[in-house]
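A.B. asks: Here the sequence shown is numbered in this note's numbering, starting from 23 and rising by one per residue.
Quick one: structure below, then a few questions.
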Amino acid sequence: MAINKNHEFEDLDGIKCAVVERNLSPERLQFLKELLEYNHFTTVVVASPPPKAAAPKPAAQVVEQSEIPQSGTPVVAEAPPAPELFTLGVTDSTFNATNAVFGRLLKTRTGHVVTLAYWHQKEAVSQDEVPYFQKNA
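Structure representation (structure tokens):
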């Protein structure tokens with residue numbers, strides 16, 4: 023059981039894992055998986071369950087009257103498919119993504135320390151920053 027929301031555990035494919043992130047897009051999954059495997063973590067990926075709907079929706083919606091063909095049969099609009107989302111975990115149960123990033127424990131392939139902006143993919147290249155507590159004012 024997790025102590026707080028930042029350190030979750032779950033059985034992914036029958037393996038006890040520390041959850042890194044949930045509801046990942048395929049691009050984000052690929053980025054994090056490569057980063058964690060480069061840092062010698064064993065990753066486990068499973069498909070996330072579909073999100074729970076707040077209110078039941080009709081399976082199909084009928085389009086407006088002006089869009090009905092001459093045959094008199096209304097056209098039924100299909101609901102778009104749900105996006106494919108994934109959950110990523112690591113087999114090291116002591117792993118915590120927040121501690122790993124702020125503790126400067128992860129490295130990029132170029133040898134730089136992973137920063138928060140790099141982790142969130144806001145920067146393409148991780149810039150080694152001096153931690154805030156070591157900066158001279």
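Even for Gly, the Cβ is constructed at its ideal location relative to N, Cα and C.
Helix, strand or coil for N45? Go by DSSP, reduced to three states.
C.D. replies: Position 23 of the sequence shown, counted from the start, is the residue given in the question as residue 45. Three-state result, N45: strand.
A.B. asks: Is the CB-CB distance between Y60 and R131 below 7 Å?
C.D. replies: The residue given as residue 60 occupies position 38 in the sequence shown. The residue given as residue 131 occupies position 109 in the sequence shown. Going by C-beta atoms, Y60 is nearer than 7 Å to R131.
A.B. asks: Looking only at its chain, what residues have a beta carbon closer than 6 Å to the beta carbon of A146, apart from the 5 residues adjacent to it on each side?
C.D. replies: In the sequence shown, residue 146 corresponds to position 124, counting from 1. Here the set comprises nothing.
A.B. asks: At the level of alpha carbons, what is the spacing between K38 and F108?
C.D. replies: Here residue 38 corresponds to residue number 16 of the sequence shown, with the count starting at 1. Here residue 108 corresponds to residue number 86 of the sequence shown, with the count starting at 1. About 17 Å.
A.B. asks: Looking at the unbroken beta strand (DSSP E) that takes in T65, where does it start and where does it end?
C.D. replies: Taking the sequence shown and counting its residues from 1, the one referred to as residue 65 is at position 43. Per DSSP, T65 belongs to the beta strand (DSSP E) from 65-69.
A.B. asks: Determine whether the beta carbon atoms of L54 and L128 lie at a separation below 7 Å.
C.D. replies: For the purposes of this step, residue 54 is taken as residue 32 along the sequence shown, with counting starting at 1. For the purposes of this step, residue 128 is taken as residue 106 along the sequence shown, with counting starting at 1. No, they are not a contact pair.
A.B. asks: Cβ atoms of W141 and V112: under 7 Å apart, would you say?
C.D. replies: In the sequence shown, residue 112 corresponds to position 90, counting from 1. In the sequence shown, residue 141 corresponds to position 119, counting from 1. No, Cβ-Cβ distance for V112 and W141 is not below 7 Å.
A.B. asks: Can you tell me whether N45 is buried or exposed? The criterion is at least 16 other CB atoms within 10 Å of its CB, across all chains shown.
C.D. replies: On the sequence shown, residue 45 is found 23 positions in, with the first residue counted as 1. The residue in question, N45, is exposed, as its Cβ has fewer than 16 Cβ neighbours within 10 Å.
A.B. asks: I'd like the list of long-range same chain contacts for P105, defined as Cβ closer than 8 Å, with 5 residues on each side in sequence excluded.
C.D. replies: As a working mapping, residue 105 is identified with position 83 in the sequence shown. The answer, listed in chain order, is S47.
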